[in-house]
Amino acid sequence: MNAGKRMLRPELFLVRQRLQGMQRYLWLCVMFSLVLISDGSPSKPCEKNCLSGRCVNGSCVCDRGWVGDQCQHCQGRFKLTEPSGYLTDGPINYKYKTKCTWLIEGYPNAVLRLRFNHFATECSWDHMYVYDGDSIYAPLVAVFSGLIVPEVKGNETVPEVETNSGYALLHFFSDAAYNLTGFEIFYSINSCPNNCSGHGKCTSGNSIASRVYCECDKYWKGEACDIPYCRNNCGSPDHGYCDLTGEKLCVCNDSWQGPDCSLTVPSTESYWIMPTVKPFGASLGRASHKAVVQEKVMWVVGGYTFNYSNFQMVLNYNLESGIWNTVPISSGPLPRYGHSLALYRNDIYMFGGKLEMCASNVTDELWVFNIPKMTWSQKSPSVPAHAQVYAVEGHSAHIVELDNGDVVMVVIFGYSSIYSYISNVQEYNIRTNTWLVPETRGAIAQGGYGHSSVYDSSSKSVYVHGGYKSLPANKYGLVDDLYRYEVQTRTWTILRESGYPRYLHSSVLLGGMLLIFGGNTHNDTSLSNGAKCFSADFLAYDIACDEWKVLPKPNLHRDVNRFGHIAVTSNGSMYVFGGFSSVLLNDVLIYRPPSCEAFLGQERCEAAGPGVRCVWKGGRCMSWEPSFTNSATPAPFCPAKAATVDERCYRFSDCTSCTANTNGCQWCDSKKCISALSNCTSTVKNFTKCPIRNEQICSKMANCKSCSLNLSCQWDPQQQECHTLPAQLCGDGWSNVEEACLQINSSRESFDNAQHYCKNLEGNIASLTTAKQVEFVLEELQKYQQKGKKLSPWIGLRKINVSYWGWEDMSPFTNTSLQWLPGEPNDSGFCAYLERAQVSGLRANPCTANTDGLICEKPVVSPNPNARPCKTPCSLRTTCENCTSQAMECMWCGSTKRCVDSNAYVISFPYGQCLEWQTGDCVSQNCSGLRTCGLCLEQPDCGWCGDPSNTGRGQCMEGSYRGPMKSPSKSSQDMVLETGLCPKERGFEWAFIQCPACQCNGHSTCVNGSVCEQCRNLTTGLHCETCLPGYHGDPTNGGKCQACKCNGHANVCQVLTGKCFCTTKGIKGDQCQL
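Letter by letter, the sequence shown follows residues 4 to 1077 of this note's numbering.
Structure, rendered in structure tokens:
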């Protein structure tokens, strides 16, 4: 029994052990399960919402096409197939360097409507392109940029765009500068325009596939029922009646006028109207065209359009009947835009411009169109020896009959792709068929691109306003300048500036006023509430009084913002045609100003305006006509001008510009421009008394090539500025100290005036940063003291913040060669002057206080007859690599294959012609050079043809959503669908929206659809995209890897180039061979 018990105990022990083991096992299982449960519970939450993705363990995993820490930015391609929906760049500001593409697919020939509910991007740099089709080779219908629909809703018309192919492709590109709030676009298939604007109902036709249209309510018309007609029943029966038989508009009785017959004839009020386009045709739409008027007919020539295949080079518009006619021409000039047009008798003279279809060259061609014969002929003018005729765009021209009987075409300013912004006037003599670039007198005018100009025959003067120009300190931008050029004496005068910079606007002379309309007013979009790309501003300059006024914008049924339009006058009205406002416009706007005859009595007559200048003469009120008078003394009826203060004159840095303007300035002591009312010892008030100053002429030269044309000028490649060649190292009145030229002046000035004085001498207030400069200055001050004049001159040292003082040349103040005197700097002083007492040192003073003396400095510029020749102009560089090799001087546009000056990018592509630009890192300029599907689909013109292996190999080629495309001939710019380049029946797969899941570069098949199973052929990486260590090559898209050749002195090499990382001491060379 006991023995049996003893026999059982080991068994019980084993059982107990097993039970305890099971308990431990169960306990471990429970604990492990708890761990699993805790780990398997919802992962760590994300700090911010994942907007287009999901949260995984604290981080956002983005849906396809979205990037960012919150998946808040679009980046890639999207396909939309719902009958309606929204597309957006994301809920916050878009990111830098964004490229997003949306394809909306309807059904064949369906109408797709895009409504831009919000749109704010950087004007002229960040664009949204809309194509009527499934690729960027389809017709372009709109290019949106800038502040189209702002955050704060005003009365802006919400833009709508329609496509008719059943597809719409939208492509957005942003650069690396400003990023604004982006866009929200609503699309719908087969819907009525603007939902009939609330003034009608949407109705479908009889068949299922028929399109819908608006049935408008009474007194509303137009495709979207957005045009009111016959308001107040046209004042029937006294004022007029409503004609319902034709265009549905008011027909006014003889003594009434206006869109609703509510204004008398003549009227003290102005009004705008927008007649219906007859015949209607999108082919009329254009921008940067030009027009002239002959006998109630407006002749329109050239212009930019999205598609030149059906472009009409010459149109005419009957200003009375409102009917358009196209002019069939069998031969003549190539289409162009940015040219000039001038009328002489029956001939229209066309000069210059950009040939968009011919490598985008800027031309100097001169063509003449004879109106009676409807034929073109090209002129071949002679050019004097050593003269230069500039091929320009964005210029203007007027034909003038001179007192000696000669007739000349005066060409004002413009941009040259070789010589940059041109400040010259060019004259073409019609009788002698010769060009001349004359020397001009008066103010030194700064030329540019896209200004407006108008000719006044009574004074033989041209008024020039605005433009995109070269500015000081190597900057570029819009200006609000107004110049008058007297053709007979070739004299420039600076008139009062408008205060509203712009370019590509229009101007006309009407009722004694210069009327400015529209234009691009964008200068800086760091804030999205800035000036718009497209403006409807309406400004008036009163020639008699040298005054500007802002007139009310057109009060029409929709916005008429635009730039690149034209304006002409006929029968006392202004006609505006065309232009660009994201779409190319084909409308005509008519402005009728107030009529002086309607103002009864002298008091009302002389107070008429704004927008009209009337005079009381012979007992009646009549329109004032400008005739040449010195507008420095305004007409007697003008209000008194405010006294000129010095600050209005400081900006004129040369004698002639100071004295040839209407600001009331004088050139004082041969150094500065101040008010004519200020005291001055030696003064010049008439520009004819000014000395010749080459410095200012040279400073107007905007690039090396133009600078080199003037023998008195020399280009500084470091500063990128044109300087005058000095007669000696520093010039008269200057002392050469080390690498600087110093000049001490004894006049008593404030710090700001001291700065202006130095800048007028092409220098700066001196930064005395070396011991030698300090020693020289102290010796000079000692000489002054010995002559009984104690100076305490300003120097270029200023308080930057509470504890930091810095020199004018941006170097820090070290308190070594010059030191503060005891108790200095005091709290009230922000600018420093040098005091030479028993101990020399610095004192601080308020910058507005006066002190005796100032010190100027400028760099030494030694005349160098062997100066480096100018680099090849950007426009002559034909590849991305040689375009971008010179730092940031040039920019390459891959979509147009053009190289342009960085300072002229905006004017080189005013209508968004460049899809993307580069200043380095040149990607392949053709789809075929892109070796992976990912890189391929980053370019909007490309698609990917995957081969039957389904391993990621394939070919990138030009294409659309439906398949590859090719050009039918080498000379053709059109592209046609060619599905045979990627035959589906042979197992090839066309990818346009997203890449095939398996992307192993041909070195592996995939498991789970997208995971590379095993990289072969000496490759490694998630996509087998790189070579194993010890091998080099480019294995993308089936490329090969090969062993590093390092002669036994290295195990690894640079993976792309094969350059060895040599490990043996003393051995070097790409293959460790040295």
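The beta-carbon is built from N, C-alpha and C at its ideal position, and this holds for glycine as well.
Contact check for Asp220 and Gly203: beta-carbon distance about 5 Å, within the 8 Å limit, so the pair qualifies. Here the segment 815–830 does not lie against the segment 694–712, with fewer than 3 beta-carbon pairs under 8 Å apart. Per DSSP, the beta-bridge partners of Arg901 are Cys896. When the beta-carbon positions are compared, Asp855 and Leu764 stay at least 9 Å from each other. A distance below 6 Å between beta-carbons, with the five flanking residues on each side excluded, links Ala113 to the following residues of its chain, in chain order: Gly169, Ile192 and Asn193. When secondary structure is reduced to three states using DSSP, Thr659 falls in the helix class. Secondary structure in the segment 755–789: the alpha helix (DSSP H) runs of 4 residues or longer, each lying completely within the stretch, are 774–789 in chain order. With fewer than 16 other CB atoms across the displayed protein chains lying within 10 angstroms of its CB, Arg348 is exposed. The beta carbons of Cys1065 and Ala1046 sit no closer together than 9 Å. In the DSSP annotation of this structure, the continuous segment of the alpha helix (DSSP H) that includes Ser711 starts and ends at Cys707 to Ser711. The DSSP-derived three-state label of Ala994 is strand. Looking at the DSSP output, Gln921 sits in a beta bridge with Trp895. Counting only residues of its own chain and dropping the five nearest sequence neighbours on each side, Val1014 has no CB closer than 8 Å to any other CB.
Its Cα nearest to that of Asn313, the residue Asp977 stands out among Asp977, Gln699, Pro597 and Cys1075. Taking each of Asp719, Cys658 and Ala547 in turn and checking the Cα distance to Phe640, the smallest one comes out for Ala547. Annotated as proximal: Cys103 and Cys77, with beta-carbon spacing under 9 Å. With contacts defined as CB atoms closer than 9 Å, Ser656 and Gln723 fail to qualify as a contacting pair.
By the 16-neighbour rule on beta-carbons within 10 angstroms, Ala774 is exposed. Contact between the segment 998–1012 and the segment 938–955 is present, with at least three C-beta pairs closer than 8 Å. Leaving aside the five residues that flank Asp1073 on each side, the residues in its chain whose CB is nearer than 6 Å to its CB run, in chain order, Lys1062. Gln391 has its alpha-carbon roughly 22 Å from the corresponding atom of Glu489. Counting the other CB atoms within 10 Å of its CB gives Thr308 a total of 16 or more, which places it among the buried residues. Judged by DSSP in its simplified three-state form, Glu742 adopts coil rather than helix or strand.
By alpha-carbon distance to Tyr964, the top candidate from Val591, Val164, Val161 and Glu108 is Glu108.
With respect to Phe416, Ala448 sits close: the two C-beta atoms are nearer than 9 Å. Annotation for Cys1044: Asn1020, Leu1021, Thr1022, Cys1030, Leu1031, Tyr1034, His1035, Gly1036 and Pro1038 place their beta carbon closer than 8 Å to its own, counting only its chain and skipping 5 residues before and after. Within the model, the alpha-carbon separation for Arg989 versus Lys1071 is close to 51 Å. Here the alpha carbons of Leu481 and Tyr594 stand approximately 26 Å from one another. Straight across, the Cα-Cα distance linking Leu879 with Cys902 is about 7 Å. Where Val553 is concerned, the enclosing beta strand (DSSP E) starts and stops at Glu550 to Leu554. Straight through space, the alpha carbons of Leu318 and Trp379 are spaced by roughly 14 Å.
Setting aside the 5 residues that flank it on each side, Ser770 is surrounded in the same chain by Ile798, Gly799, Leu800, Trp810, Glu811, Asp812, Ser814 and Glu860, each with a C-beta closer than 8 Å to its C-beta; the list follows chain order. Going by DSSP, Ser87 is part of the beta strand (DSSP E) stretching over Ser87 to Thr91.
With respect to the 9 Å criterion, Ala543 and Val563 are not classified as neighbours on the basis of their beta carbons. Residue state for Arg651 is assigned as helix, using DSSP reduced to three classes.
Pro278 and Gly225 have their alpha carbons spaced roughly 12 Å apart.
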